[in-house]
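*Asks:* My questions all concern the structure below.
Protein chains: 2
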Amino acid sequence: MKNGAVSQAKEQHRLIHELYVLVDDGDRQVLAEQQLSPLEFAVLQQLDADNGQRLTDVGALLLCVKSTITRVMDRLERDGLVLRTQDRDDRRAQRVVLTAKGVYIRNEAVRLHAASVESRMAVLTPAEQRQFLALAGRLATGLRDGLHPDGNGYLHNEATLLELRSNGKEEELLLRQAS
Amino acid sequence: MKNGAVSQAKEQHRLIHELYVLVDDGDRQVLAEQQLSPLEFAVLQQLDADNGQRLTDVGALLLCVKSTITRVMDRLERDGLVLRTQDRDDRRAQRVVLTAKGVYIRNEAVRLHAASVESRMAVLTPAEQRQFLALAGRLATGLRDGLHPDGNGYLHNEATLLELRSNGKEEELLLRQAS
DNA sequence: TATTGTTATACTCTATAACTATA
DNA sequence: TATAGTTATAGAGTATAACAATA
């Protein structure tokens, strides 16, 4: 801005970054008790003990490239939280399921994390939270639209997206994200 | 929450993460024109062509460990954007200054990035931005307080913090952050 | 031909720690 | 003793691409 004052837009940009750092830091502190990184936690939340999920689907949900998911699963399997099982219908694919230990750890992590989130976010009153959600939601929607004005270039992490898009699954993905 | 509905707190948590991803992605797209990573951009903004800055001070400002700063500077120096010069008063220290090319690149990046931020954030009206800033600011303050309830454990990235704290510079750092 | 998952390479950033040369 | 900066190692995460097995 002209007069040396910091613009609202810039301040908004700074605050979004700061909020993320603070929230992420709190998450890591909580998840450290289960020895989980945020990504591992996110992966565990996509799995169950019965059907499981294919690696590719997990990657699509979390916007991760295949190789990243492979190695996260390697760690989780090494630690005994998940198991790779053959997919019956598609012999190329594997379904990853939670072990008993995995179920336990995931449930503990989910419980502790949820409680932590509730308490941390309680800095704002319920009414303020509603306001914040409305504004942040509109901002997120606007930013998402702005990133692909000409129909391409959705996210910087595009490998998975491109695969999905070429597969006609983009709407499906956006739905999942919005859910 | 009990009935399967997602709590406001959880939704807030999710939105903060999503906002960050979207903003960061936009940043990377803009900065890619100058071949800068977000961290390199942040470092350049702390430097000038005259006095320069000591590596340690840059690290403290950006909450980075010494070794990270060393290697960012290596890259920037390799690309001809900065120069390491001896500090006259302290022969252990080096002052990093911008080269002519560095000044040009930094100014270009600052200009383009600022314009991009203004246009991206314009999704919200000025009035909405004021509301968002007020709420996000309160939330950030609350989160920051919550992270060190007993006086320690400020941020997960603590290496620099610990050094500063043992040095009695914590207040100074907090002031810098808040500015 | 396209997809699933693995492997390999390279790069950014983080964390830790050993090391030097100064202070 | 403590500090400034470098170097080394290890890890998480990203991006890209080659590859084998299968569809």
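For the protein sequence lines, the chains are B and F, in the order given.
Counted the way this note's numbering counts, the first sequence spans residues 1 to 179.
Counted the way this note's numbering counts, the second sequence spans residues 180 to 358.
Ideal Cβ positions, reconstructed from N, Cα and C, are used throughout, including at glycine.
Among Ser216(F), Asp204(F), Gly205(F), Arg274(F), which has the Cα closest to the Cα of Val237(F)?
*Replies:* Counted from its first residue, the second sequence places residue 237(F) at position 58. Closest option to Val237(F), Cα to Cα, is Arg274(F).
*Asks:* Could you please give me the residues that DSSP links to Leu98(B) through a beta bridge?
*Replies:* Locating residue 98(B) in the first sequence gives position 98, where the first residue counts as 1. According to DSSP, Leu98(B) bridges with Val82(B).
*Asks:* Just to confirm my understanding: we take Ala136(B), look at its own chain, exclude 5 residues before and 5 after, and list those with CB closer than 8 Å. What are they?
*Replies:* Residue mapping note: residue 136(B) aligns to position 136 of the first sequence, counting from 1. Closer than 8 Å at Cβ, skipping near neighbours: no residue.
*Asks:* In the structure shown, what three-state DSSP assignment does Arg92(B) receive?
*Replies:* Along the first sequence, one-based indexing puts residue 92(B) at 92. Coil, per DSSP.
*Asks:* Using a Cβ cut-off of 8 Å, which residues of the region 302–319 of chain F contact any Cβ in chain B, in chain order?
*Replies:* Against chain B - using a Cβ distance shorter than 8 Å - the residues of the region 302–319 of chain F are Val302, Leu303, Pro305, Glu307, Gln308, Arg309, Gln310, Phe311, Leu312, Leu314, Ala315, Gly316, Arg317, Leu318, Ala319.
*Asks:* If I'm right that Arg299(F) touches Gly205(F) with Cβ under 8 Å, what's the distance once you round it to whole angstroms?
*Replies:* Against the second sequence, residue 299(F) aligns to sequence position 120. Against the second sequence, residue 205(F) aligns to sequence position 26. About 6 Å; that satisfies the 8 Å criterion.
*Asks:* Would a check of beta-carbon distances place Asp203(F) closer than 9 Å to chain B?
*Replies:* Stepping through the second sequence from its first residue, residue 203(F) is reached at position 24. Interface residue, yes.
*Asks:* Which parts of the region 50–84 of chain B are runs of the alpha helix (DSSP H), unbroken and 4 residues or longer, counting only runs that do not cross its ends?
*Replies:* Within the region 50–84 of chain B, the complete alpha helix (DSSP H) runs of at least 4 residues are 55–62, 66–78.
*Asks:* Using only alpha-carbon positions, find the residue among Asp90(B), Phe132(B), Leu61(B), Gln45(B) that is nearest to Leu76(B).
*Replies:* Sequence index remark: in the first sequence, residue 76(B) carries index 76 (1-based). Residue Gln45(B) is the option with its Cα nearest to Leu76(B).
*Asks:* Beta carbon of Ala288(F), beta carbon of Leu215(F): below 9 Å?
*Replies:* Counting from one through the second sequence, the residue named residue 288(F) turns up at place 109. Counting from one through the second sequence, the residue named residue 215(F) turns up at place 36. Yes. Within cutoff.
*Asks:* Count the other CB atoms, across all protein chains shown, that sit within 10 Å of the CB of Glu11(B); report buried if there are 16 or more and exposed otherwise.
*Replies:* Counting from one through the first sequence, the residue named residue 11(B) turns up at place 11. When all chains shown are included, Glu11(B) counts as buried.
*Asks:* May I ask you to verify whether the region 18–25 of chain B touches the region 207–214 of chain F, counting CB pairs closer than 8 Å and requiring at least 3?
*Replies:* Contact between the region 18–25 of chain B and the region 207–214 of chain F is absent, because fewer than three Cβ pairs lie under 8 Å.
*Asks:* From what residue to what residue does the alpha helix (DSSP H) around Gln214(F) run?
*Replies:* To locate residue 214(F), count along the second sequence from 1; it is residue 35. First-last for Gln214(F): undefined, no H or E at that position.
*Asks:* Using the three-state DSSP reduction, which class does Gln208(F) fall into: helix, strand or coil?
*Replies:* Here residue 208(F) refers to the residue found at position 29 when the second sequence is read from its first residue. In the structure shown, Gln208(F) sits in a helix (DSSP, three-state: H, G or I).
*Asks:* Could you list which residues in chain F have their beta carbon closer than 9 Å to that of Gly146(B), in chain order?
*Replies:* Within the first sequence, the letter at position 146 stands for residue 146(B). Neighbours of Gly146(B) on chain F, chain order: Leu201, Gly205, Ser298, Arg299, Val302.
*Asks:* Assuming Leu98(B) contacts Asp48(B) (C-beta within less than 8 Å), just tell me the rounded distance between them.
*Replies:* Position 98 of the first sequence, counted from the start, is the residue given in the question as residue 98(B). Position 48 of the first sequence, counted from the start, is the residue given in the question as residue 48(B). Confirmed, about 6 Å.
*Asks:* Should Gln53(B) and Ile105(B) be called a contact, given that it needs their Cβ atoms to be closer than 9 Å?
*Replies:* Here residue 53(B) is taken as the residue at index 53 of the first sequence, counted from 1. Here residue 105(B) is taken as the residue at index 105 of the first sequence, counted from 1. It is not a contact, given that the beta carbons lie outside the stated cut-off.
*Asks:* Using a threshold of 9 Å, state whether the C-beta atoms of Phe311(F) and Phe132(B) are closer than that.
*Replies:* Counting from one through the second sequence, the residue named residue 311(F) turns up at place 132. Counting from one through the first sequence, the residue named residue 132(B) turns up at place 132. Yes, they are a contact pair.
*Asks:* Taking the C-alpha atoms as reference points, what is the distance between Thr70(B) and Gly102(B)?
*Replies:* Numbered from 1 along the first sequence, position 70 holds the residue referred to as residue 70(B). Numbered from 1 along the first sequence, position 102 holds the residue referred to as residue 102(B). Each residue's Cα considered, the two are about 17 Å apart.
*Asks:* Within the same chain, show all residues whose beta-carbon is closer than 6 Å to that of Lys245(F), passing over the 5 residues directly before and after it, in chain order.
*Replies:* Along the second sequence, read from residue 1 onward, the residue named residue 245(F) stands at position 66. Gly238.
*Asks:* Kindly list, in the order they appear in chain F, the residues whose Cβ is closer than 8 Å to that of Ile16(B).
*Replies:* In the first sequence, counting from the first residue as 1, residue 16(B) sits at position 16. Residues of chain F passing the Cβ test: Ile195, Leu198, Tyr199, Val202, Ala315.
*Asks:* What is the DSSP secondary structure of Asp324(F), reduced to helix, strand or coil?
*Replies:* By one-based count along the second sequence, residue 324(F) stands at place 145. If DSSP states are grouped into helix, strand and coil, Asp324(F) belongs with the helices.
*Asks:* Can you list the residues of chain B that Leu322(F) reaches, using a CB-CB cut of under 8 Å?
*Replies:* Translated into positions along the second sequence, residue 322(F) becomes position 143. Correct list: Leu19, Leu22, Val23, Gly26, Arg120, Val123.
*Asks:* Check the Cβ-Cβ distances between Gln187(F) and every residue of chain B, and say whether any is below 9 Å.
*Replies:* If you number the second sequence from 1, residue 187(F) lands on position 8. Taking Cβ atoms only, chain B reaches closer than 9 Å to Gln187(F), which makes this a yes.
*Asks:* With burial defined as no fewer than 16 other Cβ atoms inside 10 Å of the residue's Cβ, what is the status of Gln86(B): buried or exposed?
*Replies:* Taking the first sequence and counting its residues from 1, one reaches residue 86(B) at position 86. Looking at its Cβ environment, which holds fewer than 16 other Cβ atoms inside 10 Å, Gln86(B) is exposed.
*Asks:* How long is the line joining the alpha carbons of Pro126(B) and Ala188(F), rounded to whole angstroms?
*Replies:* As a working mapping, residue 126(B) is identified with position 126 in the first sequence. As a working mapping, residue 188(F) is identified with position 9 in the second sequence. So the alpha carbons of these two residues sit roughly 9 Å apart.
*Asks:* Assuming contact is defined by CB atoms lying nearer than 9 Å, are Leu303(F) and Arg14(B) in contact in what I supplied?
*Replies:* Position 124 of the second sequence, counting from 1, holds the residue named residue 303(F). Position 14 of the first sequence, counting from 1, holds the residue named residue 14(B). Cβ atoms of Leu303(F) and Arg14(B): not closer than 9 Å.
*Asks:* Assign Ala32(B) to one of two classes, buried (16 or more other C-beta atoms within 10 Å of its C-beta) or exposed (fewer than that).
*Replies:* Residue 32(B) sits at position 32 when you count from the first residue of the first sequence. It counts as exposed.
*Asks:* Taking all protein chains shown into account, do 16 or more other C-beta atoms lie within 10 angstroms of the C-beta of Ala184(F), making it buried, or fewer, making it exposed?
*Replies:* Translated into the one-based positions of the second sequence, residue 184(F) becomes position 5. So Ala184(F) counts as exposed.
*Asks:* How about Glu287(F): is its C-beta nearer than 9 Å to some C-beta of chain B?
*Replies:* By 1-based counting over the second sequence, the position of residue 287(F) is 108. Answer no: the Cβ-Cβ gap between Glu287(F) and chain B never drops below 9 Å.
*Asks:* State buried or exposed for Ala140(B), treating a residue as buried only when at least 16 other CB atoms are found within 10 Å of its CB.
*Replies:* In the first sequence, residue 140(B) corresponds to position 140, counting from 1. Under this definition Ala140(B) is a buried residue.
*Asks:* Would you verify that the beta carbon of Glu190(F) is, or is not, closer than 9 Å to some beta carbon of chain B?
*Replies:* Looking up residue 190(F) in the second sequence gives position 11. Closer than 9 Å: yes.
*Asks:* Determine whether the Cβ of Gln208(F) lies closer than 9 Å to any Cβ atom of chain B.
*Replies:* By 1-based counting over the second sequence, the position of residue 208(F) is 29. Interface residue, yes.
*Asks:* Can you look up Asp87(B) in the DSSP assignment and give me helix, strand or coil?
*Replies:* To locate residue 87(B), count along the first sequence from 1; it is residue 87. Here Asp87(B) sits in coil by DSSP.
*Asks:* Scan the region 259–275 of chain F for residues whose Cβ lies nearer than 8 Å to a Cβ of chain B and list them as they occur along the chain.
*Replies:* Per Cβ criterion, the list is empty.
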